[in-house]
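There are 2 protein chains.
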Amino acid sequence: MALIVQKYGGTSVGSIERIRNVAERVAKFKMLGHQVVVVVSAMSGETNRLISLAKEIQKEPDPRELDVLLSTGEQVTIALLAMALKDLGLKAKSYTGAQVRILTDDAHTKARILAIDEENMRRDLDSGHVVVVAGFQGVDEKGNITTLGRGGSDTTGVALAAALKADECQIYTDVDGVYTTDPRIVPEARKLDTITFEEMLELASLGSKVLQIRSVEFAGKYKVKLRVLSSFQEEGEGTLITFEEDTMEQPIISGIAFNRDEAKLTILGVPDKPGVAGHILAPIADANIDVDMIVQNVGHDGTTDFSFTVHRNEFKKAMEVLNGVKDEIGAREVIGDDKIAKVSIVGVGMRTHAGIASKMFKALAAENINIQMISTSEIKISVVVEDKYMELAVRALHQAFELEKEVSAKA
Amino acid sequence: MALIVQKYGGTSVGSIERIRNVAERVAKFKMLGHQVVVVVSAMSGETNRLISLAKEIQKEPDPRELDVLLSTGEQVTIALLAMALKDLGLKAKSYTGAQVRILTDDAHTKARILAIDEENMRRDLDSGHVVVVAGFQGVDEKGNITTLGRGGSDTTGVALAAALKADECQIYTDVDGVYTTDPRIVPEARKLDTITFEEMLELASLGSKVLQIRSVEFAGKYKVKLRVLSSFQEEGEGTLITFEEDTMEQPIISGIAFNRDEAKLTILGVPDKPGVAGHILAPIADANIDVDMIVQNVGHDGTTDFSFTVHRNEFKKAMEVLNGVKDEIGAREVIGDDKIAKVSIVGVGMRTHAGIASKMFKALAAENINIQMISTSEIKISVVVEDKYMELAVRALHQAFELEKEVSAKA
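Order-wise, the sequence lines are chains S and A. Using this note's numbering, you'd call the opening residue of the first sequence number 2 and step up by one each time. Using this note's numbering, you'd call the opening residue of the second sequence number 2 and step up by one each time.
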């Protein structure tokens, strides 16, 4: 008997029929003698419908009230799924985030999980119930409803698996696993049977839509065995996310991630002295804006230029913040561009292989794609390019690194 | 400065535009220096939409999960109204039933309020907030979400007014007050400026849709000053519900109530001995079915016939229960009829006037309407008739008692 946490996204519960299918899949695991906790998202389209209602009333909806509003989406799904499970003769009980008590901080619309009270769920599991939990939501210390931000249901799933010490956390999506890149852009893209946590972390954070980054962080931190599967296929083992030490051989590059959700800001002519990066980024952090890539080049004439990227939704706000502090930090000018895309190659094998970066840059140059920013880590190289070249860049890199081919012992 | 509780029903918050109108009305009261608590229902149509979803999954939806589902309706409204209030520059904060902590018993879909924790609301009111509370919902001792049943938002409003010792509880609806009867049936129906609690209680319980019965009970019990008003008119004092001792003169008949929400069950040939009524009704009560009229006539041949009415939705269930206990109580047969209507005349003046019943029965006989059951209290007389005669009966009685005329000192 194993304890399994399953998470189903919005598409997987997008209609009454699909909710029934999920109930039947859960029933199969239950019949095998497993204990099952199911985490669900809002039915597809529902969150957007609610956001539209909010925006009809307030151009920038109040974050606390937006969370009260959005959390109803998952609440509808848990009730319907619990009913569907009962209709199959199973014992089932639904939980909102507040009812589990998924305690979060109070950063509305992007809260972080602080603690999970597993006592009630454990009691229900032990008495044979399927426990159905609303993803994406929690409650702060004062009892205010919070949400974890888009994709937060994955995080809920992994966090519950960690709290309950589950044997496996299965993330059901509309794809059958993690691919070398998006097959809609590169038809030759190949499904990976395994991928390491570190690679997945980079792929998720860089825009692969399969798993939400915080869920991968959580899974890595608490050693949760994570598997990505299709909710529309009966068969298939999906992609297992492994710890690096478990795997004998590593491909050099596992996948190519990309996104056009970001915008670039550059602050020109900043006095080149210690502490200036902190002065620029502190007000951005205070405004609760997440920064992704940060690039500062060597200065000249006593000044330097400083660039970073933020989510495109926060571009306007970030520009306002920078213009507000421009004089204070003695900068010449603030410029921005939200017509950019980020493309990254990711692979733990990169560590032991030289020449990956130059191969990447050459492949892009061969297609006449100009690189605007570069940022590297041990297992990834990211470039920012003009957004209209994104698909072309992804295809060129997929081909250059021969990702369509099955991996043999390269390491 | 007064503390006012305002309750807006589903039609009053049925669109974004109407939610804005409610916010503007609330703002006016706030500008006058009052403290305002607003209780809202789900947007019109939403509760039915959710019930349909549930019924697609389970023919008889699980009550606990149905409450989880339905409570989202009001939760959407409180978030949107709080946003609309903030958009007008007011301070506002939304509360679900669980967040207020409206403690109820655990009778899902028809829970009763046991206690209200007013501490948080009071603190927000004192710091200048408009407090926006989800009607219709609460939470039981174990933290399960409960609902109060249809119309329960009125009860929430009155219960909050009682807990907060509010100066007035205003119930905003789509009508401008309480009428002698439904103007759609009798165009001459007249709006009452005042009506006593007892009369209102009978009118509400007998099917006048303006106020929900439990809210009137609550208001009477806790001496809450209750006023019914239109949410679509700027002017108008509505109808004030008064305590009998406050009013000098009483009309004989205040109004005519009617409904076709009931069904009649008769158990024939029951041994006529003490305790039999209890034996029949105990299993009905155990099945959580509310009984309205109860009629038992004198017996003959050692047996008697026993009739009662239940809500039409519970007719099938009640028939099953009775057939299950039929042999045990030695009855001959159980028959039922859900093609009935109940028509009642209500008035505190009835107490001091004879001949009201005979006048009523004569008026019905003049229209050839057969009376199937009769039940009386000090201030009302109810009859059950075939449902196709309902409108005719109401019109005949309105005319017979001259309710279209303004009341002068009759008492």
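All C-beta atoms in this analysis are idealised placements derived from N, C-alpha and C, irrespective of residue type, glycine included. All of these numbers come straight from a predicted model, not from anything done at the bench.
Return the CA-CA distance between residue i and residue j, expressed in angstroms with no decimal places.
i	j	result
Glu187(A)	Val14(A)	Before going on, a small fix: residue 187(A) reads as Val here, not Glu. If I take the Cα positions, the gap works out to 28 Å.
His130(A)	Gln100(A)	16 Å
Val296(A)	Thr310(A)	9 Å
Asp106(A)	Phe137(A)	13 Å
Asn314(A)	Ile290(A)	10 Å
Ala93(A)	Asn49(S)	24 Å
Met32(S)	Gly303(A)	57 Å
Glu368(S)	Gly34(S)	55 Å
Glu189(A)	Ile268(A)	40 Å
Thr437(S)	Ser216(S)	This structure gives no information on residue 437(S), because the portion of chain S shown stretches from 2 to 412.
Asn324(S)	Gly270(S)	13 Å
Leu115(S)	Gly46(S)	29 Å
Gly139(A)	Gly139(S)	19 Å
Lys343(A)	Glu405(A)	21 Å
Leu393(S)	Gly98(A)	53 Å
Ser409(A)	Glu403(A)	Summary for Ser409(A): the model assigns pLDDT 48, below 50, so the residue's position carries little reliability; its value from the coordinates is reported in the next sentence. Computed Cα separation, rounded: 12 Å.
Ser308(S)	Phe316(S)	13 Å
Gly256(A)	Thr182(A)	6 Å
Glu218(A)	Met320(S)	58 Å
Gln76(A)	Ile172(A)	19 Å
Ser154(S)	Lys29(A)	41 Å
Lys318(S)	Gly356(S)	39 Å
Leu230(S)	Glu407(S)	20 Å
Leu212(A)	Ile52(A)	22 Å
Ile254(A)	Gly350(A)	6 Å
Met391(A)	Arg261(A)	8 Å
Gly178(A)	Glu18(S)	45 Å
Ile79(A)	Gly74(S)	15 Å
Lys274(S)	Gln234(S)	57 Å
Glu379(A)	Val23(A)	39 Å
Val1(A)	Arg113(A)	In the structure as shown, chain A starts at 2 and stops at 412, and residue 1(A) therefore has no counterpart that could be examined.
Asp306(A)	Gln373(A)	13 Å
Ala258(S)	Leu204(S)	6 Å
Ser95(S)	Gly10(S)	16 Å
Val134(A)	Ser232(S)	38 Å
Thr12(A)	Val27(A)	17 Å
Ile58(A)	Met44(S)	15 Å
List the DSSP bridge partners of residue i.
i	result
Glu263(A)	His312(A)
His109(A)	His109(A) pairs with nothing; no bridge assigned.
Val347(S)	Gly256(S), Lys381(S)
Gln171(A)	Gln7(A), Arg228(A)
So, is residue i buried or exposed, given that buried needs 16 or more other C-beta atoms within 10 angstroms?
i	result
Ala83(S)	buried
Gln7(A)	buried
Ala85(S)	buried
Phe244(S)	exposed
Thr377(S)	exposed
Ala417(S)	Past the boundaries of the shown model lies residue 417(S); chain S is included only from 2 to 412, so the question cannot be answered.
Ile336(A)	exposed
Gly237(S)	exposed
Pro252(A)	buried
Glu329(A)	exposed
Asp125(S)	buried
Met2(A)	exposed
Lys265(S)	buried
Which same chain residues end up closer than 7 Å to residue i when comparing Cβ atoms and leaving out the 5 residues on each side of it in sequence?
i	result
Met361(A)	Ile346, Ile382, Leu398
Arg396(A)	Ile186, Val187
Ile146(A)	Asp68, Val69, Ser72, Ala99, Gln138, Val140
Ala55(A)	Pro62, Leu67, Leu70
Please list, in chain order, all residues of the same chain as residue i whose beta carbon is under 6 Å from its beta carbon, the five residues on each side excluded.
i	result
Met122(A)	Val132
Val159(A)	Cys170, Ser216, Phe219, Ala220, Val225
For residue i, I'd like the list of residues in its chain whose CB is within less than 8 Å of its CB, leaving aside the five on either flank, ordered along the chain.
i	result
Pro64(S)	His109, Thr110
Ala128(S)	Per the sequence shown, residue 128(S) should be read as Ser rather than Ala. Same-chain partners within the cutoff: Lys92.
Lys87(S)	Ala93
For residue i, return the contacting residues in chain D, with the cut-off set at a CB-CB distance below 8 Å.
i	result
Pro62(A)	The structure shown contains no chain D; its protein chains are S and A.
Please determine whether the Cβ atom of residue i lies at a distance below 8 Å from any heavy atom of the ligand COA.
i	result
Ala264(A)	The model on display carries no ligand, and the ligand COA is accordingly not part of it.
- Message: Which runs of the alpha helix (DSSP H) at least 4 residues long sit entirely within the segment 106-148 of chain S? Give them in chain order.
- Response: Listed in chain order, they are 120-127.
- Whole runs of the beta strand (DSSP E) within the segment 320-345 of chain S, excluding any shorter than 3 residues: Runs of the beta strand (DSSP E) lying entirely within the segment 320-345 of chain S and spanning at least 3 residues, in chain order: 334-338.
- Task: Would you list, in sequence order, the uninterrupted alpha helix (DSSP H) runs of no fewer than 4 residues that lie entirely inside the segment 20-58 of chain S?
- Result: As far as the segment 20-58 of chain S is concerned, its whole alpha helix (DSSP H) runs of at least 4 residues are 47-58.
- Query: Curious, which full-length beta strand (DSSP E) runs of at least 3 residues does the segment 265-311 of chain S contain?
  - Reply: Listed in chain order, the complete beta strand (DSSP E) runs (minimum 3 residues) inside the segment 265-311 of chain S are 292-297.
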